[in-house]
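Colleague:
There are 2 protein chains.
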Amino acid sequence: MRTYLDCFPCFLNQALRAARIATDDEKKIKRVLDEVGMMLRDIPLDSTPPESGRLIYHKVSEITGDLDPYREIKKESTQKALSFYPYLKSRVEKSSDRLLTAIRIAIAGNVIDFGAYGNFDLSREVDEVLEKDFAVFNYNKFKHGLDKVREILYIGDNAGECVFDKILIEEIKKPVTYVVRDAPIINDATYEDAIQAGIDNVATIVSSGTDAPGAILERCSTEFKKLYLNSNFIISKGQGNYEALSNERRPIFFLLKVKCRVIANNLGVRVGDIILKGNGEE
Amino acid sequence: MRTYLDCFPCFLNQALRAARIATDDEKKIKRVLDEVGMMLRDIPLDSTPPESGRLIYHKVSEITGDLDPYREIKKESTQKALSFYPYLKSRVEKSSDRLLTAIRIAIAGNVIDFGAYGNFDLSREVDEVLEKDFAVFNYNKFKHGLDKVREILYIGDNAGECVFDKILIEEIKKPVTYVVRDAPIINDATYEDAIQAGIDNVATIVSSGTDAPGAILERCSTEFKKLYLNSNFIISKGQGNYEALSNERRPIFFLLKVKCRVIANNLGVRVGDIILKGNGEE
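Going line by line, the protein sequences match chains G and Y. Counting from 1, position 94 in the first sequence corresponds to residue 94 in our numbering; the numbering is continuous, with no gaps. Here our numbering = 1-based position in the second sequence + 1000.
Here you go:
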């Protein structure tokens, strides 16, 4: 997905939010705004948003001196998500379609996103997404595709969300390779976050090779790209990965909650909608 | 009022909104974002927001070639507001406290603000503000002050809103000088807009001498400053004038609807609150 005009004020907002988490020093935060403001002209409309997100969050780290402002928030998110695990599991147990319920849960976890949101109510979100209609629902294709393949590539998104992904991975019942960011960026899941969520008990964890907040292939490692090109069933979680991979032609299923107008317009849906979209499907 | 960190993403958002109204040319709009982004570092935190607003909207005009992007919107706002006039007047007629109802109506008109809002529901707003509790309510001081003075200086805000101001001016029953912006800026009222609203039938219209979207005294004309310094009862409408005059020591009453978090925090109230605040009063 390209960068839209509305992304620019959002970039500045995200920089402000991250800078405030990293420091209380108003002068430093102002410098972040100044410098991110100057970066905007170098962001072409045909680049993907996570490409710029990466540079912007790097700038926040450079100025505030905090390489991982969301460190504590990520730990708390994982702790909170883990406390939901038994409840989520019981919802799957009780449901008539375990796989679909697990997909819904994985999407509900996508609300844990400090790039798009300042805060959110995880408990309300879970109950809402478990009942909500999908705006894009390529479930049959997902189910049939899953039957045919031997293994799955699962591109994770945020810390905390991993716990919700674990629920889905447990229902997939095939070998899963779970992809994390190579280094901290926003509240995106890194290797440690995935381990804390217990992903290592259900999947092989690998790095995308980039710290962009989305799996932009040109920035990913050769190892990851090989894995990606050899995968016949790819699950992509969240907006950042959608932004990075929406123009790709591999067999990807995008699972996400739509959190901003730009993505909503791109998908032809509304903010707040939930999406299970097979690549190339309407 | 100073500029807060949250104002910076808002400046960019306002530039984007105005540029989109001025042109469909995405390249030009991108250039607006680029150049406004670069302007941010020159905006000091101790300046008032309308000072920067002025420069930013000038930049939009410079790049898009449209000196008055809100021209049509302002005309439509005035037409719409005029269609409300008989209803507003009937609300005043029926009320037990005509002055207070007219104040509420003048505040309701403050929702016509394309700087702070993309859109709004004028009809709902009127009914809401007629019933709503004030978050700051220095009405007794206002009423007693009004009894003591011979004339009023009324600093207007937006086009369309003037029609609502007219209702209040008609209840004041003292000579009123109505202040407009010197040249088009956002949807703020200029001389023509005030005339279209019929303000000339109830008040003397004068220019502030500046096209800043708020009466920043250093930018105003000598004539206006004299008028201001000799006034013993000043009504200041809206956020822009509050931002420009909140640190002043003249007898000003601020009438506004709080439209953003920055103003809400500055006033210690909530977004959406309505305010009748005498200068120096809690």
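Virtual Cβ for every residue (Gly too), placed ideally from N, Cα, C. No experiment lies behind these values; they were computed from the predicted model shown.
Quick one: does residue 41 (chain G) have its CB under 8 Å from some CB of chain Y?
Modeller: By this cut-off, residue 41 (chain G) is an interface position.
Colleague: Give the list of continuous alpha helix (DSSP H) stretches no shorter than 4 residues that lie fully inside the region 1033-1099 of chain Y.
Modeller: Whole alpha helix (DSSP H) segments, 4+ residues: 1049-1064, 1071-1094.
Colleague: Helix or strand or just coil, what does DSSP make of residue 1137 (chain Y)?
Modeller: Here residue 1137 (chain Y) sits in strand by DSSP.
Colleague: Looking only at its chain, what residues have a beta carbon closer than 7 Å to the beta carbon of residue 1262 (chain Y), apart from the 5 residues adjacent to it on each side?
Modeller: Excluding positions up to five away in sequence, the list reads 1004, 1006, 1007.
Colleague: Tell me, which residues are paired with residue 1002 (chain Y) by DSSP?
Modeller: In DSSP, residue 1002 (chain Y) forms no bridge with anything.
Colleague: Taking residue 1038 (chain Y) as the query, report the chain G residues whose CB atoms sit under 9 Å from its CB, ordered along the chain.
Modeller: By Cβ distance, chain G contributes 37, 38, 40, 41.
Colleague: Decide if residue 1161 (chain Y) is buried, meaning its Cβ has at least 16 other Cβ atoms within 10 Å, or exposed.
Modeller: Buried.
Colleague: Skipping 5 residues on each side, what residues in its chain have a beta carbon closer than 6 Å to that of residue 1068 (chain Y)?
Modeller: Once the five neighbours on either side are set aside, the close Cβ partners of residue 1068 (chain Y) are 1184.
Colleague: With a cut-off of 8 Å, does the C-beta of residue 49 (chain G) fall near any C-beta of chain Y?
Modeller: No, because no Cβ of chain Y sits closer than 8 Å to the Cβ of residue 49 (chain G).
Colleague: Can you check which of these residues, Y:1177, Y:1037, Y:1154, Y:1140, is closest to residue 1106 (chain Y) by C-alpha distance?
Modeller: Nearest of Y:1177, Y:1037, Y:1154, Y:1140 to residue 1106 (chain Y), Cα basis: Y:1154.
Colleague: How is residue 1272 (chain Y) classed by DSSP in three states: helix, strand or coil?
Modeller: Of the three classes helix, strand and coil, the one that applies to residue 1272 (chain Y) here is coil, per DSSP.
Colleague: Check for me: the alpha helix (DSSP H) holding residue 207 (chain G) runs from which residue to which?
Modeller: That residue, residue 207 (chain G), is in no alpha helix (DSSP H); its beta strand (DSSP E) goes 204-207.
Colleague: Report the three-state DSSP secondary structure of residue 188 (chain G) (helix, strand or coil).
Modeller: It is a strand residue.
Colleague: Quick check on the DSSP output: the alpha helix (DSSP H) that includes residue 1166 (chain Y) runs from which residue to which?
Modeller: Counting along the chain, the alpha helix (DSSP H) containing residue 1166 (chain Y) begins and ends at 1161-1172.
Colleague: If the cut-off is 7 Å on Cβ atoms, which residues from the region 136-151 of chain G count as contacting chain Y, listed in chain order?
Modeller: Within the region 136-151 of chain G, no residue has a Cβ that lies closer than 7 Å to any Cβ of chain Y.
Colleague: Under the rule that 16 or more other beta-carbon atoms within 10 Å means buried, what is residue 249 (chain G), buried or exposed?
Modeller: It is exposed - the Cβ of residue 249 (chain G) has fewer than 16 other Cβ atoms within 10 Å.
Colleague: Going along chain Y in order, which residues have a C-beta closer than 8 Å to the C-beta of residue 26 (chain G)?
Modeller: Near residue 26 (chain G) (Cβ distances below 8 Å), the residues of chain Y are 1005, 1045.
Colleague: Could you check what DSSP says for residue 109 (chain G) in three-state terms: helix, strand or coil?
Modeller: DSSP places residue 109 (chain G) in helix when its eight states are reduced to three.
Colleague: The region 8-19 of chain G: which residues have C-beta closer than 7 Å to a C-beta of chain Y, in chain order?
Modeller: Of all residues in the region 8-19 of chain G, 8, 9, 12, 13, 16 have a Cβ within less than 7 Å of some Cβ in chain Y.
Colleague: Inspect the beta-carbon positions of residue 1176 (chain Y) and residue 1215 (chain Y) and report whether they are closer than 8 Å.
Modeller: No.
Colleague: At which residues does the alpha helix (DSSP H) containing residue 225 (chain G) begin and terminate?
Modeller: Taken as a continuous stretch (DSSP letters only), the alpha helix (DSSP H) holding residue 225 (chain G) covers 222-229.
Colleague: Cβ of residue 1169 (chain Y) less than 8 Å from any chain G Cβ?
Modeller: By this cut-off, residue 1169 (chain Y) is not an interface position.
Colleague: Here's the rule I'm using: 16 or more other beta-carbon atoms within 10 Å means buried, otherwise exposed. How should residue 1156 (chain Y) be labelled?
Modeller: Answer is buried; the Cβ neighbour count reaches 16.
Colleague: What residue from G:41, G:139, G:189, G:2 has the CA that sits closest to residue 274 (chain G)'s CA?
Modeller: For the residues G:41, G:139, G:189, G:2, the minimum Cα distance to residue 274 (chain G) belongs to G:139.
Colleague: Pull out every residue of the region 252-275 of chain G whose Cβ sits closer than 7 Å to any Cβ of chain Y, in chain order.
Modeller: From the region 252-275 of chain G, no residue has a Cβ closer than 7 Å to chain Y.
Colleague: Closest to residue 1119 (chain Y) by CA distance: which of Y:1031, Y:1218, Y:1217, Y:1018 is it?
Modeller: For residue 1119 (chain Y), the nearest C-alpha among the options comes from Y:1018.
Colleague: What does a CB cutoff of less than 6 Å around residue 1032 (chain Y) pick up in its chain, not counting 5 residues either side in sequence?
Modeller: Closer than 6 Å at the Cβ level, and outside the excluded window around residue 1032 (chain Y), lie 1015, 1019, 1060, 1063.
Colleague: Ignore the nearest five residues each way along the sequence and tell me which others in residue 210 (chain G)'s own chain have a CB closer than 6 Å to its CB.
Modeller: Excluding positions up to five away in sequence, the list reads 182, 219, 220.
Colleague: I'd like to know if residue 33 (chain G) contacts chain Y, where contact means its C-beta is closer than 8 Å to some C-beta of that chain.
Modeller: Output row for residue 33 (chain G): interface = yes.
Colleague: Under 8 Å between beta-carbons, which chain Y residues line up against residue 59 (chain G)? List them in chain order, please.
Modeller: Within 8 Å Cβ-Cβ: nothing; residue 59 (chain G) doesn't reach chain Y, min ~13 Å.
Colleague: Rounded to whole angstroms, what's the CA-CA distance from residue 264 (chain G) to residue 88 (chain G)? Just pull it up for me.
Modeller: Looking at the two C-alpha atoms, the distance is approximately 27 Å.
Colleague: If I follow the unbroken alpha helix (DSSP H) through residue 21 (chain G), where does it start and stop?
Modeller: 7-22 is the span of the alpha helix (DSSP H), which, as asked, contains residue 21 (chain G).
Colleague: Would you identify the three-state DSSP class for residue 1155 (chain Y), choosing helix, strand or coil?
Modeller: Residue 1155 (chain Y): strand per DSSP, three-state reduction.
Colleague: Do residue 1110 (chain Y) and residue 1226 (chain Y) come within 8 Å of each other at the CB atom, strictly closer than that value?
Modeller: Their beta carbons are not under 8 Å apart, which means residue 1226 (chain Y) does not touch residue 1110 (chain Y) by this criterion.
Colleague: Against residue 30 (chain G), what residues of chain Y qualify as contacts under a CB-to-CB distance less than 7 Å, listed in chain order?
Modeller: Simply 1005, 1045.
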